[in-house]
Every structure is written in structure tokens, then in C-alpha cells.
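K.L.:
Residue numbers (our numbering): 157 to 414.
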């Protein structure tokens, strides 16, 4: 059994890889106050709930965009499973090429998404990850990551609107029935949801136009992805919430014997 770890700024996605398939997934908070032992107990309970133990762990791979958590999670892995996780970065075997001016600056989350999108859906393709930030990545037909764009996240934008405008309330992020809202909450929901839909469509459209390709697959992932697709956007071909874990599986297979 192999553990896949995708450490984000808000959540840690965990996958169990067994027999070449991702059989179980969990999502826990990226709690910076937790110690390695506290994370160890959380992992112990999660594994036990499915009949696993730390002794069943054969290997681990980890992607992280939360550097402050890296030592804690790595220490937990080493202490409780006696396995050091493979850390995703631009120096391991990626199975794709990076045409990025400073490869060290490229987030491991974007690398993982690019690998998964190319291996699962082929190129050319665009990944859109709706996380703490909204990230776009373009992979060409030959499996070369050409770059992309980074925009604010939907949740962070909604928080910024509330924090900077004293009379605007915190709202539930759901798609309103009409873009012409008749209450302040509906106005905010329409502006955020449909506004982000326009942002996503605009960036993707410009990327496709600049690339010179006639047809490009667009794969969305992340917790907020359904909000954009439910707003009527036709530019996203597929929503794959497990994209990052699929990428970690592919990268583990490429690097486990190195």
C-alpha cells in the first residue's frame, strides 16, 4: 500500500494506492498548529478505519505548497511508517518536460496536475485548479509544460470583498438563479461566481488562441470547480476532483525505483 499526500494551503488530500488503483481518499485540514505526533494519530485513525496499519505502508509520495508543514509531515511519515516520502519537485522524473524559465519556482501542485492531465487526457490540454489560488497550466501535444497563469482564488476573493467593504456580509458561495441579483447577497454571489466564470473563460480562450491549436482539452479540479461549471460555462471539458492524486500515482510509479 502506498500513501499519496497532496499538502495544500487549506487542506491535505490523502490517497491510498493499492494494486495500482487509488482505493481510498481523505481530506483533512492543513493545521499548522498540529505536531508530527498529532498528525500521526489522525493518520492512524484514518488508516484503521479501512483496516490498514502503518506497517502496511510500502512507500509514500508528497506534493506540498505549504513549506511550513513540510518538516512536520515528513517527520510524521518517517517516524510512524519508517518511510521517507518522495518529494515532488522539478528534479525528479516527471514524465513530461518543463519549458519554464525558473523551474524551481514552479509549484509542485501545478507539476502534479500537468502530469496527470497529460497522462490521463493527452495533449494539448489546460489544467485549471480552483484552490486557494486559481492556477492555469498549458501542456502541449508533446507533453511540454509551457507555462500558465495564476489568479486569485474564489474563496479568497470573497473574503477580500467582505474584509474591505464594511457593509458587505459574508456569503455562502452558491450560484444564484439570476445574474441580476435583487438582494445584496445575490449581488455578491452573482459577481463572484459569474465574474470568475468570465475570468476563467477569458484566460482559457486567450491561451488557446495564443497556442495556435484548434482544439485543447480543458480539465478543471479543486473544490470550487463545480461552481464555475454549474454557472453555464461550456469551455471546461472535464471536472476531475482526483487529478492531483492521479498525478502523484503516476509520479510514484516513475520514481519509486530510483
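Each residue gets a CB set at the ideal place from its N, CA and C atoms; glycine is no exception.
Predicted model only: the values in this text are computed from it and were never measured.
1. Looking only at its own chain, which residues have a Cβ that is under 6 Å from the Cβ of residue 216, when we skip the five neighbours before and after it?
2. Taking the alpha-carbon of residue 397 as reference, which of 376, 350, 409 has the nearest alpha-carbon?
3. Does DSSP put residue 157 in a helix, a strand or coil?
4. With distance defined between alpha-carbon atoms, name the residue in 271, 262, 203, 366 nearest to residue 180.
5. Alpha carbon to alpha carbon, how far is residue 373 from residue 193?
6. Does DSSP classify residue 162 as helix, strand or coil?
7. Per DSSP, what kind of secondary structure is residue 390 in: helix, strand or coil?
8. Measuring CA to CA, which of 265, 259, 251, 197 is closest to residue 278?
9. Once DSSP output is grouped into helix, strand and coil, what is the label at residue 398?
10. Suppose you measure from the CA of residue 299 to the CA of residue 393; what does that come to, to the nearest Å?
11. Can you give me the C-alpha to C-alpha distance between residue 223 and residue 185, rounded to a whole angstrom?
12. Going by CA-CA distance only, name the one from 305, 385, 369, 315 that's closest to residue 331.
13. Determine the direct distance from the alpha carbon of residue 297 to that of residue 280, and round the result to whole angstroms.
14. Compare the C-alpha of residue 188 against each of 404, 164, 170, 248 and name the closest.
15. Between the C-alpha atoms of residue 219 and residue 315, what's the straight-line distance to the nearest angstrom?
16. Assuming contact is defined by CB atoms lying nearer than 8 Å, are residue 210 and residue 237 in contact in what I supplied?
17. Tell me whether residue 151 is buried or exposed, calling it buried when 16 or more other Cβ atoms sit within 10 Å of its Cβ.
18. Can you find the residues in the same chain that come closer than 7 Å, C-beta to C-beta, to residue 269, ignoring five residues on each side of it along the sequence?
19. Check each candidate in 272, 247, 271 and name the one with the smallest Cα separation from residue 260.
20. If residue 343 and residue 351 are in contact, beta carbons under 8 Å, what's the gap, nearest whole angstrom?
P.N.:
On the basis of the supplied data:
1. 159, 233, 239, 241
2. 376
3. coil
4. 203
5. 42 Å
6. strand
7. coil
8. 251
9. coil
10. 19 Å
11. 15 Å
12. 385
13. 4 Å
14. 164
15. 26 Å
16. yes
17. With the chain covering only 157 through 414, there is no way to say anything about residue 151.
18. 283, 285, 293, 377, 399, 400, 403
19. 247
20. Residue 343 to residue 351, Cβ: 11 Å. No contact.
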